[in-house]
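Okay, so the sequence shown: first residue is 151 according to the numbering used here, each after it adds one.
Ideal Cβ placement from N, Cα and C applies to all residues, glycine included.
Predicted model, so just to flag it, every value in this text is computed and none were measured.
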Amino acid sequence: MSYIQHKSEESIEDYLETILLLSRRLSEVRSIDIANEMHFSKPSVSVAMKNLRNRDYITVTKEGFIYFTKEGERIANAIYERHSLLSNWLIELGVAPDIAASDACKMEHDISPESFDALKKHILMHFPACCKEE
Numbered sequence: 151m152s153y154i155q156h157k158s159e160e161s162i163e164d165y166l167e168t169i170l171l172l173s174r175r176l177s178e179v180r181s182i183d184i185a186n187e188m189h190f191s192k193p194s195v196s197v198a199m200k201n202l203r204n205r206d207y208i209t210v211t212k213e214g215f216i217y218f219t220k221e222g223e224r225i226a227n228a229i230y231e232r233h234s235l236l237s238n239w240l241i242e243l244g245v246a247p248d249i250a251a252s253d254a255c256k257m258e259h260d261i262s263p264e265s266f267d268a269l270k271k272h273i274l275m276h277f278p279a280c281c282k283e284e
């Protein structure tokens with residue numbers, strides 16, 4: 151995968167994770183909520199939402215409310231699980247929370263499913279507190 155393709159996939163995952171987190175706080179999620187949360191321009195978010203719709207990860211109502219498809223929700227939950235586990239583990243190891251969150255955000259996109267599963271088993275065996283939600 152080229153660098154540009156990788157960055158594009160990372161961006162998609164970040165948008166899906168942001169929609170998930172917003173949907174836990176808000177009754178309805180709109181593009182403006184995503185733009186505000188991510189500190190992106192409304193036009194940038196609009197292009198991203200079109201991309202997510204084209205990939206069948208989200209649906210958007212005529213009122214502008216954003217909802218996951220099954221596949222979009224699956225990916226968002228998987229990315230959030232990776233982020234939470236990795237961030238909490240780094241904090242348990244003594245890394246400052248802001249650095250742990252930043253590093254986890256980078257790691258969550260690059261680790262293979264096989265390596266993540268092995269790491270998850272190890273972390274949960276030796277650091278059970280890491281499975282708590284953020």
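Count the other CB atoms, across all protein chains shown, that sit within 10 Å of the CB of L243; report buried if there are 16 or more and exposed otherwise. In the sequence shown, the residue the question calls residue 243 occupies position 93. The residue in question, L243, is exposed, as its Cβ has fewer than 16 Cβ neighbours within 10 Å.
Enclosing alpha helix (DSSP H) for F266 [first to last residue]: On the sequence shown, position 116 is the one that residue 266 refers to. Residue range P263 to H276 is occupied by the alpha helix (DSSP H) that includes F266.
Going straight from the alpha carbon of L166 to that of I208, what length do you get? As a first step, residue 166 is located in the sequence shown; it is residue number 16 there, counting from the start. As a first step, residue 208 is located in the sequence shown; it is residue number 58 there, counting from the start. In a straight line, the C-alpha of L166 is about 9 Å away from that of I208.
Would you say R205 and I162 are within 9 Å of each other, going by their C-beta atoms? By one-based count along the sequence shown, residue 205 stands at place 55. By one-based count along the sequence shown, residue 162 stands at place 12. Against a cut-off of 9 Å, the Cβ pair of I162 and R205 comes out as a contact.
From L345 to G214, what does the alpha carbon distance come to, in whole angstroms? The structure shown has nothing for residue 345, since the chain only spans 151 to 284.
So if DSSP puts T168 in a beta bridge, which residue, or which two residues, is it bridged to? In the sequence shown, residue 168 corresponds to position 18, counting from 1. T168 is not bridged to any residue.
Where H233 and V197 are concerned, what is the direct C-alpha to C-alpha distance, given to the nearest angstrom? Reading the sequence shown from its first residue, position 83 is the one you call residue 233. Reading the sequence shown from its first residue, position 47 is the one you call residue 197. For H233 and V197, the distance between alpha carbons rounds to 25 Å.
What does DSSP give as the partner residues of V210 in its beta bridges? Walking along the sequence shown from the start, residue 210 turns up at place 60. Beta-bridge pairing links V210 to I216.
For A251, the three-state DSSP class (helix, strand or coil): By 1-based counting over the sequence shown, the position of residue 251 is 101. If DSSP states are grouped into helix, strand and coil, A251 belongs with the helices.
If V195 and S181 are in contact, beta carbons under 8 Å, what's the gap, nearest whole angstrom? Looking up residue 195 in the sequence shown gives position 45. Looking up residue 181 in the sequence shown gives position 31. The Cβ separation is near 5 Å, so the contact holds.
Beta-carbon contacts of N286 that lie in its chain and below 6 Å, excluding the five residues immediately before and after: There is simply no residue 286 to check, as the chain begins at 151 and stops at 284 in what is shown.
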